[in-house]
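So the structure is just underneath, and the comments pick up after that.
Given below as structure tokens:
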């Protein structure tokens, strides 16, 4: 954790220098940092401090300030950027690659982003606007349009000269080869250039069978390809197979993290684009619908209990044990659901093996139900002195945990079949299901055996 | 999704060729696939088919079979490998880089892995055993010890010749520079070699200020460094700063996925190393303790209800509404908990801004409580014709959702302060907490106002 310690030291110094107003020293310190470290420092500062430090750095070293902001994540980055006037944002946006600029501008409030686009140099704002035309979460939206390509008629020697005169291009390790109309025809690794003589035509050493992404490909699919084939970058082509951009592995890492976050959030009934510091009002607006749906379904569960108020009236002790059946079912269902949803996301679960997964989870569900049902039955028997109550509780738990396991497999698989994100089969829904079946099985069995149950109180 | 369609076609052909026993055609088809595609095909086959296809391929093209197995993930990969005799595994293990071999061998049943190590060539088994000595989830465990390094006294021309005679080394794009005792002293990018004359000494063009990982560094921290600084690889050094290995970005992507999976699982009370097809018995063994803890805490919640059986006896309708208070609190708590735990994992939440997060979540909690409490109150009033019952229900929901929000922030932060993984503050625990407070607030308020509540039934 040496890196963390170093960042903590920088953070303390930044806070101190801000407090005593030592602008020159502060600027000096900030300029020595890597953009990623600056992003971490910005994250850890209070709002006022962050804005002060950013404004100082943006004035003097716009590129570094913008690189740090790009590393902050789009939402937090845009929020910080939005504290500056439109003229300054327009100038700053031109300091970074247009894909990063597009992502930041896209997250600005709409008035501000329009003003910024108007104020940018026409050529650059056109590139940004063009990128923003691609649908969100597609290859086109995250690619860098500034891709280095070589003509197929070049020799290795010419390629090296071309490379030497383009020192600015982002991370070059695969050299894409195009024909005269910019159709992608092959790829040569940088290393390969070193291993052959300068007169060799590129055509001879290039690999023609290469993996590319269409501009409209979902970013999750792009990430899957890069990860599966261990690529460092993937070329992006339009519908005519013309090379229009490149997505590098560092951007893919961001996509993988974002998609994992989205899955984690959706499973918990949180919108995929929420973050820790999304304003309270916006979080409220995003979470309320989920909770509202759940309230409706909770009333459904309550209605099930309502059917049995006669039984509860006769035996109030049932109210003590009914949350156990529902709660344990909910937890078991969440376990199964999570394993299945993640299995789908990681590509481990397909149609042909879903029956096997169902059998497995059903077995686990019954196993858990039997063990825990037995324990609960004994506890209920010993504390209430009623063996039948114990049996009813234990049996209800076995039933509900079997239901939990099957629903935990079938609901996400069903959603996927309907082309809905399986992570949306969130715990919120599945818990309601296990509540309903929990109450139904426990209170139902209790009603059946009511004359055998002793009124303990 | 063209890639998926292609894999589905291959899958169908493999199944058909297996069925009709067309071994030569099958082998031909398998050998044409990329290892990653083969891994996907293996995943989608039934157990028997997978073993048959793998055994066929392993006989003829051991390297490709092992590369496919490496892409399968360690658990599934080892399970498939374990279907072969030890002698064959020992031979196959030597076909792939020793870090991949070590991971696969480590996941074999212990008897088998010992037998395999005994049967491997002494030099290779020594490398694998050495890797397995590093603690799990550290840089040493995931690095490739076969790292290409150049001596600092070389010239660029000598470096290129060295590179040309080492065509086998994994993904070379950063060339690490070491002194005569193999201390890591710098790095040169492959691209830089192309831009200077052959007589230039490496020392002059290398970057001495480079980021490296210690062998004992946690893999999550390694991944964070690679992602933060947009690296394609990170060199691994021992305590004396001697270069001992390299971790490439493709391995980092696996770590990021695994760590996200671990977080997702732990939040749901599932062990981080479970997978969809972990055998039922093992899944049962892994999940039972979590559910057992939850059963104990569920009895705690039941005991809280037990305090109020007198009130429920007087008003059985309370049993209908009490799951709503508990359930809504549980869902709200899960939302907050998830945002906070993920925020910690992504480095967005630090000590200095945790107070801000608490304030935000408390605001959201109260806001959600007021809106949903009001709706629930009105529904209870209208359906039961009792305004006081509605008020008690609404007030209990506000209280419980405030508790949910604060606990959802404080429990994971507290766990982190105690150096425990915050994801372990799983929904399992937090749900119990909201059950207890939900029952306590609802039944407690009902008891206070019991003479104002009408006995509807």
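Protein chains in written order, with the working numbering: chain D, 3 to 459; chain X, 3 to 459. Ideal Cβ positions, reconstructed from N, Cα and C, are used throughout, including at glycine.
Can you tell me whether residue i is helix, strand or coil according to DSSP?
i                     : result
residue 413 (chain X) : helix
residue 260 (chain X) : helix
residue 132 (chain X) : helix
residue 325 (chain X) : helix
residue 178 (chain D) : strand
residue 490 (chain X) : The requested residue 490 (chain X) does not occur in the structure, where chain X is confined to residues 3 to 459.
residue 125 (chain D) : helix
residue 424 (chain X) : helix
residue 146 (chain D) : strand
residue 274 (chain D) : coil
residue 65 (chain X)  : helix
residue 243 (chain D) : coil
residue 455 (chain X) : coil
residue 22 (chain D)  : helix
residue 95 (chain D)  : helix
residue 76 (chain D)  : helix
residue 30 (chain D)  : helix
residue 433 (chain D) : helix
residue 85 (chain X)  : coil
residue 140 (chain X) : strand
residue 168 (chain D) : coil
Buried or exposed, going by whether 16 or more other CB atoms sit within 10 Å of the CB of residue i?
i                     : result
residue 510 (chain X) : The structure shown does not extend to residue 510 (chain X), since chain X spans only 3 to 459, so no value can be given for it.
residue 112 (chain X) : exposed
residue 285 (chain X) : buried
residue 361 (chain D) : exposed
residue 209 (chain D) : exposed
residue 255 (chain X) : buried
residue 124 (chain D) : exposed
residue 454 (chain D) : exposed
residue 353 (chain D) : exposed
residue 268 (chain D) : buried
residue 143 (chain X) : buried
residue 166 (chain D) : exposed
residue 89 (chain D)  : exposed
residue 291 (chain X) : exposed
residue 3 (chain X)   : Any answer about residue 3 (chain X) is weak, because its pLDDT of 45 lies below 50 and its placement is not dependable; what the coordinates show is given next. So residue 3 (chain X) counts as exposed.
residue 135 (chain D) : exposed
residue 116 (chain D) : exposed
Could you name the residues of the same chain whose beta carbon sits closer than 7 Å to that of residue i, not counting the 5 residues immediately before and after it, in chain order?
i                     : result
residue 399 (chain X) : 327, 330, 371, 374, 375, 378
residue 69 (chain D)  : 37, 98
residue 451 (chain X) : 390, 394
residue 25 (chain X)  : 58
By Cβ distance, which residues of its chain are closer than 8 Å to residue i, with the 5 residues on each side in sequence left out?
i                     : result
residue 459 (chain D) : Confidence in residue 459 (chain D) is poor, its pLDDT being 43 and thus under 50, which makes the residue's placement unreliable; the coordinate value appears in the next sentence. Taken in chain order, the residues that qualify are 318, 319.
residue 395 (chain D) : 323, 326, 327, 375, 378, 379, 382, 444
residue 1 (chain D)   : It is not possible to answer for residue 1 (chain D), since the shown part of chain D is limited to 3 through 459.
residue 314 (chain X) : 307, 320, 321, 445
residue 242 (chain X) : 185
residue 401 (chain X) : 371, 439, 443
residue 53 (chain D)  : 82, 85
residue 164 (chain D) : 152, 156
At a cut-off of 8 Å, would you count residue i as near the ligand PLP, judging by its Cβ distance to the nearest heavy atom?
i                     : result
residue 314 (chain D) : Summarising the ligand content, the structure contains no ligands, and the ligand PLP is consequently not present.
What residues in its chain sit with their C-beta under 6 Å from that of residue i, if we drop five residues either side in the sequence?
i                     : result
residue 392 (chain X) : 379, 382, 383
residue 414 (chain X) : 342, 343, 424, 427
residue 219 (chain X) : 141
residue 368 (chain D) : 404
residue 73 (chain X)  : 37, 38, 41
residue 448 (chain X) : 313, 320, 394
- Would you call the region 142-151 of chain X and the region 127-134 of chain X in contact, with 3 or more CB pairs under 8 Å? The region 142-151 of chain X is in contact with the region 127-134 of chain X.
- Are three or more beta carbon pairs between the region 183-200 of chain D and the region 100-109 of chain D nearer than 8 Å? No: fewer than three Cβ pairs fall under 8 Å.
- Message: Can you confirm whether the region 329-348 of chain D touches the region 415-427 of chain X when touching is taken to mean that 3 or more C-beta pairs between the two stretches lie within less than 8 Å?
- Response: With the cut-off at 8 Å, the region 415-427 of chain X and the region 329-348 of chain D do not touch.
- Task: Output the residue ranges of the alpha helix (DSSP H) runs that lie fully inside the region 291-343 of chain X and measure 4 residues or longer, sorted by chain position.
- Result: Correct list: 311-316.
- For the region 203-256 of chain D, which segments carrying the alpha helix (DSSP H) assignment without a break, of at least 4 residues, lie completely within its bounds, in sequence order? Correct list: 204-207, 221-230.
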